[in-house]
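In terms of this note's numbering, the sequence shown is residues 696 to 1062. Below is one structure, written out as structure tokens; comments come after it.
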Amino acid sequence: MPDDASTSQKASAATRFGEGFVMDAWYVAALSPDLKPGKMEHRELLAEPVLLGRTKAGAAYAIRDICPHRAAALSAGKVRTEANGGESIECPYHGWRFGTDGACTAIPSLTADSDLDISKVRVRRYPVVEQQGLVWIWMASDARFDGEPPEGPPVIPGVVGGKPKLVDHLDYDIHIDHAVLGLIDPAHGPYVHQQWWWRTTASQHEKTKRFAPSEAGFTMVRHEPSKNSKAYAILGGEPLTEITFRLPGLRWEHVTVGKKQVLALSAMTPINAGKTRMNQIMWSDHWAFTALYPIIRIAARAFLRQDGYIVGVQSQGLESNPPLMWVGDADQQARWYHQCKREWQASRAEGRAFVNPVKDSVLRWRT
């Protein structure tokens, strides 16, 4: 783990870099179109088996995808309609049924004179909120948590132009900590993303950027895009961009060109300790995203898969669990991420508010 003298010396295994997850937090579980009315599907999220579904009335829900009877996957069963009109999931093994709130509604093998109170039989319910075309799931540290989260998921600025213009995802064979660093690393672009429309190793120059603390993370404050980032030229005018990172693994770039906007959201969700899903979504009301859609789509997919390739190369080296080096201002965002994660975990363990360790800063690097 890179040296980080500014954080607590009482780090546990859960706070070592490349281990543990940020809990008591909202993660992107799915995109709204992924969940069809009356259907359900299995997902692994943070190493937990989760059944994601949508009722026929349109409400998204999530419960633990294990029947407490014999551990069969509930998602392999059927959706049933109860006498009261509610929907339930029927286990494929013995027909036990559970409502979308996790409460047991039927155990067919029980006789009429059974005194078992089936209302006390439950599977874990995960709070779900659907907004801005995203399905968010609250992953609590306490598996017995059955209330409502203290705050809702983030509302991200720049979700304009109706449905997303671009949607893509890629699964990385890497822990979320390492995956996140790819989101906030400014120095890999000329080497991983060598394209004429982005930048090359020959086009590098020194850059100075101002950062400020923001909700559960930090923000590169609004500025003119770098001159060697040619992709912004298609927007015309005088674009301004602001880049925000927020725990547990969200990065969004909000570009304004006069009254027009572009939003690129990258949302990292751990599948398990060794695999992370990267969701990439873009919204815009700028004409370029209609007129040049085929070109932009090809470019965006290439960009994401270049990241996927280098993560694959990195994962081979990480199998040896080597010590890592963080060098200079180019790696300061990596330090901030690690500090924020450790502070989040400490604040939850101590029952207090999160105190953002990031301070207003000016960083300089070459890329």
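In this text, a Cβ means the ideal position worked out from N, Cα and C, and glycines have one as well.
Legend entry - Boundaries of the beta strand (DSSP E) in which C786 is found, first to last residue: Where C786 is concerned, there is no enclosing beta strand (DSSP E), given that its DSSP letter is neither H nor E.
Inset, instruction - Using beta-carbon positions only, say whether I711 and R759 come within less than 8 Å of one another. - result: According to the sequence provided, residue 711 is Arg. The question's Ile does not apply to it. Their beta carbons are not under 8 Å apart, which means R711 does not touch R759 by this criterion.
Legend entry - Under the three-state DSSP convention, the category E1045 falls into: The three-state reading of DSSP puts E1045 in helix, counting H, G and I together.
Legend entry - Minimum C-alpha distance to G790 - residue among P803, P1018 and G780: If we check each option's Cα against that of G790, P803 comes out closest.
Legend entry - For A700, three-class secondary structure by DSSP: Residue confidence is low: A700 scores 39 on pLDDT, short of 50, so the model does not pin down where it sits. Its coordinate-derived value is still stated next. Here A700 sits in coil by DSSP.
Inset, instruction - Compare the beta carbon distance of V723 and N974 with 8 Å and say whether it is the shorter of the two. - result: Yes, Cβ-Cβ distance for V723 and N974 is below 8 Å.
Legend entry - Outcome for W978 when other beta-carbon atoms lying within 10 angstroms are tallied against a minimum of 16: So W978 ends up on the buried side.
Legend entry - Stretch pair the stretch 935-944 + the stretch 870-887: three plus CB contacts closer than 8 Å: Yes: at least three Cβ pairs fall under 8 Å.
Inset, instruction - Just the C-alpha distance for T903 and F940, rounded to the nearest angstrom, thanks. - result: Just so you know, the alpha carbons of T903 and F940 end up roughly 18 Å apart.
Legend entry - Helix, strand or coil at Q1011 according to DSSP, with G and I counted as helix: Three-state DSSP puts Q1011 in a helix.
Legend entry - Given G781 as reference, the closest of A767, G884, A798 and Q1034 once Cα atoms are compared: G781 has its Cα closest to that of A798, out of A767, G884, A798 and Q1034.
Inset, instruction - Examine the Cβ distances between the stretch 759-775 and the stretch 859-871 and report whether three or more of them are shorter than 8 Å. - result: Touching, no, given that fewer than three Cβ pairs across the two stretches are closer than 8 Å.
Legend entry - Reduced DSSP category for H918 - H, G, I as helix; E, B as strand; rest coil: Strand.
Inset, instruction - For D1024, count neighbouring Cβ atoms within 10 angstroms of its own Cβ and tell me buried if that reaches 16, exposed if not. - result: Flag for D1024 reads buried.
Inset, instruction - Pick helix, strand or coil for W1060, following the three-state DSSP scheme. - result: DSSP places W1060 in strand when its eight states are reduced to three.
Inset, instruction - Go ahead and label L805 buried or exposed: buried means 16 or more other beta carbons lie within 10 angstroms of its beta carbon, across all protein chains shown. - result: When all chains shown are included, L805 counts as exposed.
Legend entry - Residue from V823, Y988 and A720 whose Cα sits closest to the Cα of I929: The residue with the shortest Cα to Cα distance from I929 is Y988.
Inset, instruction - Using only alpha-carbon positions, find the residue among V1050, E933 and G847 that is nearest to V830. - result: The shortest Cα separation from V830 among V1050, E933 and G847 belongs to G847.
Legend entry - Coil, strand or helix - D1055 by DSSP: DSSP places D1055 in coil when its eight states are reduced to three.
Legend entry - DSSP three-state assignment for Y1032, whether helix, strand or coil: Y1032 falls in the helix class under three-state DSSP.
Inset, instruction - Enumerate in chain order the residues of its own chain whose CB-to-CB distance from A725 is below 7 Å, with the five nearest sequence positions on each side excluded. - result: For A725, same chain residues with a beta-carbon under 7 Å away, outside a window of 5 residues either side, are L747 and V830 in chain order.
Legend entry - Three-way DSSP call (helix, strand, coil) for F940 in this model: In this structure, F940 counts as strand in the three-state DSSP scheme.
Legend entry - Residues of its chain near A771, where Cβ-Cβ distance is below 6 Å and the 5 sequence neighbours each way are ignored: Taken in chain order, the residues that qualify are P787.
Legend entry - Beta-carbon separation (whole angstroms), F793 vs S783, contact threshold 8 Å: Contact check for F793 and S783: beta-carbon distance about 6 Å, within the 8 Å limit, so the pair qualifies.
Legend entry - DSSP beta-bridge partners of W831: W831 pairs with V723 and V824.
Inset, instruction - Report all residues from its chain with a CB closer than 8 Å to the CB of D866; omit the five preceding and five following residues, and keep chain order. - result: Closer than 8 Å at the Cβ level, and outside the excluded window around D866, lie I966, K970, T971, R972 and M973.
Inset, instruction - Look at the alpha carbon of H870 and the alpha carbon of E714, and state the distance between them as a whole number of angstroms. - result: Each residue's alpha carbon lies about 7 Å from the other.
Legend entry - Buried versus exposed, by CB contacts within 10 Å (16 or more), A962: Under this definition A962 is a buried residue.
Inset, instruction - Could you pull the start and end residues of the beta strand (DSSP E) that P663 belongs to? - result: Residue 663 falls outside the range modelled here, since the chain spans only 696 to 1062, and no answer is possible.
Legend entry - Residue nearest to D1002 in terms of C-alpha spacing, selected from I879, K773 and D729: Proximity to D1002 across I879, K773 and D729 peaks at I879, based on C-alpha coordinates.
Legend entry - Spatial distance of Q1009 from S1015 (CA atoms): Each residue's CA atom was taken as its position, placing Q1009 and S1015 some 11 Å apart.
Inset, instruction - Within the same chain, show all residues whose beta-carbon is closer than 6 Å to that of D796, passing over the 5 residues directly before and after it, in chain order. - result: Cβ within range, chain order: R820.
Inset, instruction - Leaving aside the five residues before and after P744 along the sequence, list all residues of the same chain whose C-beta is less than 6 Å from its C-beta, in chain order. - result: Here P744 has D760 and I761 as same chain residues with Cβ atoms under 6 Å from its own Cβ, once five neighbours each way along the sequence are excluded.
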